[in-house]
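In what follows, a structure is listed as structure tokens, so that the remarks can point back to it.
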Amino acid sequence: MKAVYFLCQIVFVGVIMKEVSTEECIKWQDHRKELENCCKYYPPYPQEGLNRCSKPALEQSGRDEAEYLRCLFECYFDRLGIVVDQTLDLDKVAEHLQSMSENSRDIVLNAYKKCAAETTGSLRVCHSYAQELEACALLEIDRHCPDEFYEPNEICDKRRAGVEFCE
2 MKAVYFLCQI VFVGVIMKEV STEECIKWQD HRKELENCCK YYPPYPQEGL NRCSKPALEQ
62 SGRDEAEYLR CLFECYFDRL GIVVDQTLDL DKVAEHLQSM SENSRDIVLN AYKKCAAETT
122 GSLRVCHSYA QELEACALLE IDRHCPDEFY EPNEICDKRR AGVEFCE
């Protein structure tokens, strides 16, 4: 009888441990839609420049999708003056953020500063610096989403509190 009681305790502890361990991380595949909508920040850059860069980027890239994105961002950020010669112009970024609260502007600018220091890019047909910079900045902004763009829900709150994704 003691053996059965002991086995029940082991099973019970195992079930609890399994439940605790699944709560320590977030499964991306189970919560993708919620997670994609945690931060409703969209870069406030004018669409017109992006449209003007689309056709030249397509021609330059030879219709290779990854290269197309490199060429598109290289052209677009150059037109906006945000990235010139693979160097971020933070003042130009700040010009586009005037409609945001000061706190939000600081979060976005800090994300770009951090990413500019970490991003090197590489050259194939087009240079990847602008695309890599923007991808890094968007991830960083998502991690520290300003309150005015944050959409609270249980999963987003967990992620914002630092709960990592499951591997």
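Sequential numbering from 2 applies to the sequence shown in the working numbering.
From the three backbone atoms N, C-alpha and C, an ideal C-beta is built for every residue, glycine too.
Counting other Cβ atoms within 10 Å of its Cβ, E49 stays below 16 and is therefore classed as exposed. Shown here for L134: same chain residues with a beta carbon closer than 6 Å to its own, the five before and five after excluded, namely C116, T120 in chain order.
Apart from the 5 residues on each side of it in sequence, G122 sits with its Cβ closer than 7 Å to the Cβ of Q87, H128, S129, Y130, E133 in its chain, given in chain order.
Boundaries of the alpha helix (DSSP H) harbouring D79: 66–81, taken from the DSSP string.
The beta carbon of C72 lies closer than 6 Å to those of A58, Q61, S62, C127 in the same chain, with the five residues before and after it left out. In the three-state scheme derived from DSSP, where H, G and I count as helix and E and B as strand, C39 is classed as coil.
Within the same chain, Cβ atoms closer than 8 Å to the Cβ of I156 are found at I27, H32, E35, L36, C39, the five residues on either side in sequence being excluded.
According to DSSP, residue pairing for T88 in a beta bridge involves V85. The beta strand (DSSP E) runs lying completely inside the segment 79–161 and spanning 3 residues or more number zero. Where C167 is concerned, there is no enclosing alpha helix (DSSP H), because DSSP gives it neither an H nor an E.
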